[in-house]
Every structure is written in C-alpha cells, then in structure tokens.
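Line order of the protein sequences matches chains A and B.
Under the numbering used here, think of the first position of the first sequence as 1, with each following residue one higher.
Under the numbering used here, think of the first position of the second sequence as 196, with each following residue one higher.
Where a beta carbon is used, it is the ideal one built from N, C-alpha and C, also for glycine.
Keep in mind that this is a model prediction, so the values were computed, not measured.
Protein chains: 2
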Amino acid sequence: MEKPQRSPRERMVYEAAQAMREDGVGGAALRTVATRAAAPRGSLQHYFPGGKDQLVTEALEWSGEFAAAQVRAYLRDTRRPSPSGMFNDLVRQWAAELEDRQFARGCPVAASVVDTANANPQVRAAAAAALATWQKPLRSGLRTMGVRPARAAALATLMLAALEGSLVLARAERDTHALRVVSRELAPLLDAALP
Amino acid sequence: MEKPQRSPRERMVYEAAQAMREDGVGGAALRTVATRAAAPRGSLQHYFPGGKDQLVTEALEWSGEFAAAQVRAYLRDTRRPSPSGMFNDLVRQWAAELEDRQFARGCPVAASVVDTANANPQVRAAAAAALATWQKPLRSGLRTMGVRPARAAALATLMLAALEGSLVLARAERDTHALRVVSRELAPLLDAALP
DNA sequence: ACCCTGTCATGACACTTGTCATAGTAGAGC
DNA sequence: GCTCTACTATGACAAGTGTCATGACAGGGT
Numbered sequence: 001m002e003k004p005q006r007s008p009r010e011r012m013v014y015e016a017a018q019a020m021r022e023d024g025v026g027g028a029a030l031r032t033v034a035t036r037a038a039a040p041r042g043s044l045q046h047y048f049p050g051g052k053d054q055l056v057t058e059a060l061e062w063s064g065e066f067a068a069a070q071v072r073a074y075l076r077d078t079r080r081p082s083p084s085g086m087f088n089d090l091v092r093q094w095a096a097e098l099e100d101r102q103f104a105r106g107c108p109v110a111a112s113v114v115d116t117a118n119a120n121p122q123v124r125a126a127a128a129a130a131l132a133t134w135q136k137p138l139r140s141g142l143r144t145m146g147v148r149p150a151r152a153a154a155l156a157t158l159m160l161a162a163l164e165g166s167l168v169l170a171r172a173e174r175d176t177h178a179l180r181v182v183s184r185e186l187a188p189l190l191d192a193a194l195p
Numbered sequence: 196m197e198k199p200q201r202s203p204r205e206r207m208v209y210e211a212a213q214a215m216r217e218d219g220v221g222g223a224a225l226r227t228v229a230t231r232a233a234a235p236r237g238s239l240q241h242y243f244p245g246g247k248d249q250l251v252t253e254a255l256e257w258s259g260e261f262a263a264a265q266v267r268a269y270l271r272d273t274r275r276p277s278p279s280g281m282f283n284d285l286v287r288q289w290a291a292e293l294e295d296r297q298f299a300r301g302c303p304v305a306a307s308v309v310d311t312a313n314a315n316p317q318v319r320a321a322a323a324a325a326l327a328t329w330q331k332p333l334r335s336g337l338r339t340m341g342v343r344p345a346r347a348a349a350l351a352t353l354m355l356a357a358l359e360g361s362l363v364l365a366r367a368e369r370d371t372h373a374l375r376v377v378s379r380e381l382a383p384l385l386d387a388a389l390p
C-alpha cells in the first residue's frame, strides 16, 4: 500500500487506515493521524464532522476498495488465472508487506472488528461492507474461471477467512510461515473447484 | 467459557480475558476488570505488580490453555475422532457462543495481536505462546489419527487460521454463516490426510 | 501482647483522548 | 474593494486511563 499524492482529506483517511492497522482503532489517535497526514488538527472536524466514527468508517471503505482493486489487478494482469493463483497472489503481497514493515501492520478490517464490533454498530457495519467489497471480485473471478456460483461464494469466504486468520498468526509469530502453509494447503482444494 | 468459582486472582485473569474479547486490549479497562471480577481495585496492583501487561499476559496464557483443553475434550470424548470432526467441534462451540452472546465476544488472542503486537513485544510473545498451546493438541490429535507429522502441523496451522479468520468475518457480519461455510469446505481436505 | 504478611480499600497523580469553541487566513466571484 | 465560503490553526475541557501512595484490616506465628 503505497502512500499516494492526494488531498489532505484523502491523506487523513489513508493515514487513519494505516494507524488502525498498526495499533487498532483505540490506538489510532486523531492527533497522530493528523500529524502523519501532514494535516492540521482543525481539518479533522471540518472534513469529518461525524468525529472519529466517520473517519474510521471511511478508512474501512477505502481499505475495502483498495483490497478489491488488488484482486482485480491480478485478474486483469494474469494470463491464465486460477483459484489457487488468485489466493496465492493475495498471500504473497501480504507476506511481502509484513516482512517489509516487520509485522507492524495487519488488516484494518480485523482491527475494527476486534476493537469496536461489540460497542459500535456503525463501524461494525462498515467493516462488514468492506469485507463484502473485498469478496466481490474474488467471487466474480472464480465464476469467470468456471466455478459454479454457489461454490464461488463459499470459496471466496474461505479465502478471506484463511487470509485474515493467517495474518493474525503471522503477526503473533513474527513469521510469514503460517501464510505460506495456508496458501500451499488450500491450493489443491481451490483448484479442484474448476470444471 | 463458563464462569468458574475461583480465587479473586483467578477471577481477575478470567474477566480480563473476557473484556479483551469484547472490546480489545485497549477497551479492557482495569477498573472494569476489577469490578466484573468483584475484586477490589487495590488487589490488581497486589496480584499483578507488572501492571496491565502482566494481567494481559496471564489472560492469554489462561485462554491458550482453555482452548487446548477444549480440543483435548473432543479427543477424549469422541469414539471415532476425525480431522474434520475435530475442526467442526471447534467451529460448533464458537458459533454457539457467538450466537448466545450476540457476537459480543471474539478471540482474545486475535484481540491482543491486533491491538498490541506492534507496540508491546511481551504481549505479542504471550499471544504467540497461547497459539502454540492451542495448536499442540490439534497436532497431536491429528498424528494419533494417523496423519504424518509434517502434514499434521500444517493442518493444525490451517485450522487455527481458518477459525480465527471466520471469527472475524462472523462478528463483522453478525452471522455464523462464514464459520459454517469454512467448516464444510475444509472437511474433505482435512479428512483426505488420513491414511 | 506484638508484629508481620497478605489482602482490601481509597484517593490522587499525570497523561491521553475525543470533542468543542473560537478565531484567523486564503481565495474566488462579483 | 467586499463578502462569502472553505480551510487552517490553537486553545481548552471533561472524561477516562494506568499507576502510585497510603492506609486499614484480618489472621497467624512467636
């Protein structure tokens, strides 16, 4: 996830997502977000009159769309896509970033669920929406490869669950081993869904 | 996870784990933990001179052992255990509790990783240790069923990752659908490892 | 009787957080 | 030039946090 050249508002949403990935929603202080976005603190209340909830919600929307674009890029750029190839592409990118950043950043959706799913219905709904956005290209990609619709939905869910879980394991162990194992073990199952 | 009749100290560790499951490590305030454990606030500094870090660490140890005992109970009480049966037993118990408590409580290990893996090495290590404790009976159970050691380790990792991830999905969606899908899709893969 | 140790109880602290209030500044439109 | 709007900037505040200091109280052991 490279840091793009964007408006102050977009930078704040972006940096909010990154802060959530590092220290969870509770650890993502608004002052820190403003500082890292090189934006004035006063702009927060101007752009996000809904307060922190709004910022977190938009950060989740951004994250969902970013993840979906990543999947679509695989489908667009790969000559002969396969279910296992699509999943492995995800795993590979996450593993690379975990190692680059020394396991500092996880998934913002998981962070928001763990921190606020119980206390904040709005953020919880935003997390669910981000997951749906992410899952959509996975599902349609599988269908394009010839997987039956019902099965495509199930496998997309499995991919997301396995990825989110491996990320937790990898960060705990400071080792991308779990990610690689899961990708390897799941590969035959995923490809067996092809016609 | 029933609330046992234990010493004030044990009650505090237990309630710390539950609070972490609900609102993450950041949301688990020490005052709240003391109140819910029906213990005086002063006892916290007495039993846990290491402060919140120590309490969280012990809560993770407790959680790891609780989860491991759950797996061992399946292996002990089931006449003809199978890999898919073992995984489904886990899923079933988690799904039941999610629904009972209306998705208020997730996995404490995931919570600690997401919240503090980046900032707190001690807690991160405790989370990794808890995962190892949990994984151990899964691995040895698979081996007892006849799965080759290397494969048993890989499948245990896969189970944990898939479970942790499904929990995130299920809490976000307030629906145990993802848990059931993952269990169903993984079943044939898991049982195919039998000799 | 004494003290000593484990536990309980309460108050205070420094700090951070999200939020609000207020005012300043730039720049376009006319 | 003037005004209106969008944005920037700074200060303050109440609430909540982890931590520490201090003291009270019980119950043995001697």
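Which of helix, strand or coil DSSP assigns to A/P4: Here residue 4 of chain A refers to the residue found at position 4 of the first sequence. Summary for A/P4: the model assigns pLDDT 43, below 50, so the residue's position carries little reliability; its value from the coordinates is reported in the next sentence. Three-state DSSP puts A/P4 in coil, outside helix and strand.
Cβ-based burial, B/R226 [other Cβ within 10 Å; buried from 16]: Residue 226 of chain B sits at position 31 when you count from the first residue of the second sequence. Exposed, by the Cβ-count rule.
Contacts that B/R206 makes with chain A (C-beta to C-beta distance below 7 Å): In the second sequence, the residue the question calls residue 206 of chain B occupies position 11. Here the premise fails: no neighbours, minimum Cβ distance about 21 Å.
Closest residue to B/S258 among B/D386, B/Q330 and B/A357 (Cα-Cα distance): In the second sequence, counting from the first residue as 1, residue 258 of chain B sits at position 63. Residue B/Q330 is the option with its Cα nearest to B/S258.
Interface positions of the region 10-35 of chain A facing chain B (Cβ-Cβ less than 7 Å), listed along the chain: E22, D23, G24, G26 and G27
Uninterrupted alpha helix (DSSP H) stretches inside the region 29-96 of chain A (no shorter than 4 residues): 30-36, 41-47 and 51-77
Cβ-Cβ distance between B/E380 and A/V168 below 8 Å: If you number the second sequence from 1, residue 380 of chain B lands on position 185. If you number the first sequence from 1, residue 168 of chain A lands on position 168. Cβ distance not < 8 Å, so B/E380 and A/V168 don't count as in contact.
Chain-ordered chain A contacts of B/R319 [CB-CB under 8 Å]: Taking the second sequence and counting its residues from 1, the one referred to as residue 319 of chain B is at position 124. Result: R171, A172 and R174.
Integer Cβ distance of A/G141 from A/V71, believed to fall under 8 Å: Indexing the first sequence from 1 puts residue 141 of chain A at position 141. Indexing the first sequence from 1 puts residue 71 of chain A at position 71. With a Cβ gap of about 7 Å, A/G141 and A/V71 count as contacting.
Collapsed DSSP secondary structure at A/P108 in the structure displayed: Along the first sequence, read from residue 1 onward, the residue named residue 108 of chain A stands at position 108. Of the three classes helix, strand and coil, the one that applies to A/P108 here is helix, per DSSP.
Straight-line Cα distance separating B/G301 from B/L250: Locating residue 250 of chain B in the second sequence gives position 55, counting from the first residue. Locating residue 301 of chain B in the second sequence gives position 106, counting from the first residue. B/L250 and B/G301: Cα-Cα distance of roughly 18 Å.
Same chain, Cβ closer than 8 Å to B/D248, five either side skipped, listed in chain order: Here residue 248 of chain B corresponds to residue number 53 of the second sequence, with the count starting at 1. Around B/D248: N315, Q317 and V318.
Touch test, the region 70-89 of chain A against the region 145-162 of chain A, Cβ-Cβ under 8 Å, three pairs minimum: yes
C-alpha distance - A/A96 paired with A/L179, whole-angstrom precision: Indexing the first sequence from 1 puts residue 96 of chain A at position 96. Indexing the first sequence from 1 puts residue 179 of chain A at position 179. Roughly 11 Å separates the two Cα atoms.
Sequence-distant residues of its chain with Cβ nearer than 8 Å to B/M340 (five each side left out): The residue given as residue 340 of chain B occupies position 145 in the second sequence. Result list for B/M340: P276, S277, P278 and L389, in chain order.
Three-state class that DSSP yields for A/G24 in the structure shown: In the first sequence, counting from the first residue as 1, residue 24 of chain A sits at position 24. If DSSP states are grouped into helix, strand and coil, A/G24 belongs with the helices.
Extent of the continuous alpha helix (DSSP H) to which B/V318 belongs: If you number the second sequence from 1, residue 318 of chain B lands on position 123. First-last of the alpha helix (DSSP H) with B/V318: P316 to T339.
Distance CB(B/L255)-CB(B/A325) smaller than 8 Å: Stepping through the second sequence from its first residue, residue 255 of chain B is reached at position 60. Stepping through the second sequence from its first residue, residue 325 of chain B is reached at position 130. In this structure, B/A325 lies closer than 8 Å to B/L255 by Cβ.
Buried or exposed by the 16-neighbour rule on C-beta atoms within 10 Å, applied to A/T116: Here the question's residue 116 of chain A lines up with position 116 in the first sequence. Buried, since its Cβ has 16 or more Cβ neighbours within 10 Å.
Straight-line gap, A/G50 to A/V113 (C-alpha atoms, nearest Å): Looking up residue 50 of chain A in the first sequence gives position 50. Looking up residue 113 of chain A in the first sequence gives position 113. Using only the alpha carbons, I get a separation of about 19 Å.
Counted within 10 angstroms of its Cβ, other Cβ atoms place B/S361 as buried (16 or more) or exposed: Position 166 of the second sequence holds residue 361 of chain B. B/S361 comes out buried.
C-beta neighbour in chain B for A/E61, strict 8 Å: Here residue 61 of chain A refers to the residue found at position 61 when the first sequence is read from its first residue. Not one chain B Cβ lies under 8 Å of A/E61.
Rounded C-alpha distance that separates B/P199 from A/V33: Here residue 199 of chain B refers to the residue found at position 4 when the second sequence is read from its first residue. Here residue 33 of chain A refers to the residue found at position 33 when the first sequence is read from its first residue. Summary for B/P199: the model assigns pLDDT 43, below 50, so the residue's position carries little reliability; its value from the coordinates is reported in the next sentence. Taking the straight line joining both Cα atoms gives about 42 Å.
Sequence-distant residues of its chain with Cβ nearer than 7 Å to A/E99 (five each side left out): Translated into the one-based positions of the first sequence, residue 99 of chain A becomes position 99. For A/E99, where only same-chain residues beyond five positions count, the Cβ hits under 7 Å are T176.
Under 7 Å by beta carbon: chain B residues contacting A/A162: For the purposes of this step, residue 162 of chain A is taken as the residue at position 162 of the first sequence. Here the neighbours are A356, A357 and G360.
Residue range of the alpha helix (DSSP H) that includes B/A365: Translated into positions along the second sequence, residue 365 of chain B becomes position 170. Unbroken alpha helix (DSSP H) run through B/A365: P344 to E368.
Pairwise C-alpha distance: B/R204 and A/E65: Residue numbering aside, residue 65 of chain A sits at position 65 when the first sequence is read from its first letter. Residue numbering aside, residue 204 of chain B sits at position 9 when the second sequence is read from its first letter. Distance between the alpha carbons of A/E65 and B/R204 is about 46 Å.
Spatial distance of A/E15 from B/V342 (CA atoms): Mapped onto the first sequence, residue 15 of chain A falls at position 15. Mapped onto the second sequence, residue 342 of chain B falls at position 147. So the alpha carbons of these two residues sit roughly 46 Å apart.
Best match in A/A127, A/A156 and A/R21 for proximity to A/D191 [C-alpha to C-alpha]: Stepping through the first sequence from its first residue, residue 191 of chain A is reached at position 191. Among A/A127, A/A156 and A/R21, the Cα nearest to that of A/D191 belongs to A/A156.
Beta carbon proximity, B/D310 to chain A, threshold 8 Å: For the purposes of this step, residue 310 of chain B is taken as the residue at position 115 of the second sequence. Interface residue, yes.
Whole-Å CB distance - A/M20 paired with A/A28, under 8 Å assumed: Locating residue 20 of chain A in the first sequence gives position 20, counting from the first residue. Locating residue 28 of chain A in the first sequence gives position 28, counting from the first residue. About 5 Å; that satisfies the 8 Å criterion.
Assigned secondary structure, A/P188 (DSSP; H/G/I helix, E/B strand, else coil): Here residue 188 of chain A refers to the residue found at position 188 of the first sequence. Reduced to three states, the DSSP call for A/P188 is helix.
Proximity winner among A/R76, A/A37 and A/A67, relative to A/Q93 (alpha-carbon distances): As a working mapping, residue 93 of chain A is identified with position 93 in the first sequence. When only C-alpha atoms are compared, the closest one is A/A67.
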